[in-house]
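Here the structure comes first, spelled out in structure tokens, and everything after it is commentary.
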Amino acid sequence: MKRCVLVAAGLVAFTATPQAAPQSPAAGRDGSGGRTAALEALVPESPESYFLLAETVADGAQSPGAWRLAAQLFALSGALDPERFGRSGALGVADVTDARSAGGERCRSAAQALAHSKGARVARAAAVAAAEVTLVAAAAAVADVRAGRMSSAALRLRDPAVEDAFEHLVAQTAGGATRWRQDIAAGDRAGAPRLDADEVESVLVATAAALDPVDASWSWALVRTDQAPLIAVDERTLAAMLDVSPDRPLWRDGQWVAVPEPAAATDN
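Heads up: the sequence shown is residues 707 to 974, going by the working numbering.
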């Protein structure tokens, strides 16, 4: 009897479960997968919403269309707000783009390169700025010695980085850094050291080359950026590779479209 009750309960549960409505072959082909309302609610004034929806789509993606839609959303978030979502959006694109698809390898490589450049930009900028401050201090120490201000030069050279730069600037003079150290140790009363014309020129050329290189070539750019790749890609380029644009940020009828022009006011 107890067994019959359990079987009957199972039949009731089975018949009470609604059957999934059949989908047409075209349903979800654009990757929207029942998220049309969320997509149509996106507005360019809220780039964060594109990024958050991209994560949601990517988490549930099970088709090429869904993966592509996630990549488009990530790319749009970065193109709409490069400062906040440029790197994160590029990382998202790199994560969801299938390198085996047509153009996928190029798109993924560009996204990874862009993400790398964004991530390293702040650190490289800080490093370059610090290096320039160090060079200025080293050049000032050279000027102090030439003017006989040995105590001032000694104070500047307490910084090991400034000291290293200083040694580089005076390396081609007679006696090199050792001689300059001896002059500094002699103190202010010793007065300015005597430098011949060649030594003065050597110091000035080395200082000018360090502070403001005349040949701003690609090789100098590599040195300035610690040999980081010189990347010709930005957020808009990445978005274009995925067939989206910040100029077409609205989702309507399964595609990205431009914001409609406001209706012109008419006189009554």
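Built from N, CA and C at the ideal position, the CB exists for glycine as well.
Original post:
Looking only at C-alpha atoms, which of Asp801, Ala849, Ala859 sits nearest to Leu775?
Top reply: When each option's Cα is compared against that of Leu775, the closest is Asp801.
**OP:** Kindly indicate which residue of Gly739, Ala946, Asp865 has the alpha-carbon position closest to the one of Val842.
**Re:** Nearest Cα to Val842 within the set Gly739, Ala946, Asp865: Asp865.
**OP:** Check whether the segment 906 to 914 touches the segment 749 to 756, counting contact only when three or more Cβ pairs, one atom from each stretch, lie closer than 8 Å.
**Re:** Put simply, the segment 906 to 914 does not touch the segment 749 to 756. Fewer than three CB pairs are less than 8 Å apart.
Original post:
With respect to the alpha helix (DSSP H) encompassing Val868, which residues constitute its N-terminal and C-terminal limits?
Top reply: Segment 866 to 875, the alpha helix (DSSP H) holding Val868.
Original post:
With distances taken between CB atoms, is the gap from Ala964 to Arg954 smaller than 8 Å?
Top reply: Cβ distance < 8 Å, so Ala964 and Arg954 count as in contact.
**OP:** Let me know if Thr762 comes out buried or exposed under the rule of 16 or more other beta-carbons within 10 Å of its beta-carbon.
**Re:** By the neighbour-count definition (other C-beta atoms within 10 Å, threshold 16), Thr762 is an exposed residue.
Subject >> Helix, strand or coil at Val963 [DSSP, three-state] >> reply: Strand.
**OP:** Give every residue of the same chain whose Cβ lies closer than 7 Å to the Cβ of Asp902, excluding the five residues on either side of it in the sequence, and list them in chain order.
**Re:** Correct list: empty, nothing qualifies.
Original post:
By the 10 Å Cβ neighbour count, where 16 or more other Cβ atoms means buried, how is Asp889 classified, buried or exposed?
Top reply: Buried.
Original post:
Mapping DSSP to helix, strand and coil, what is Leu786?
Top reply: Three-state result, Leu786: helix.
Original post:
Who are the Cβ neighbours of Ala760 in its own chain at under 7 Å, not counting the five residues just before and after it?
Top reply: Hits under 7 Å: Ala776, Leu779, Phe780, Ser783, Gly798.
**OP:** Determine the burial state of Arg958: buried for a count of at least 16 other Cβ atoms within 10 Å of its Cβ, exposed for fewer.
**Re:** The residue in question, Arg958, is exposed, as its Cβ has fewer than 16 Cβ neighbours within 10 Å.
Original post:
Is Ala764 closer than 8 Å to Leu944 when the C-beta atoms are compared?
Top reply: No. Outside cutoff.
**OP:** Name the two residues that bound the continuous alpha helix (DSSP H) containing Arg954.
**Re:** For Arg954, no alpha helix (DSSP H) run applies, since DSSP gives it neither H nor E.
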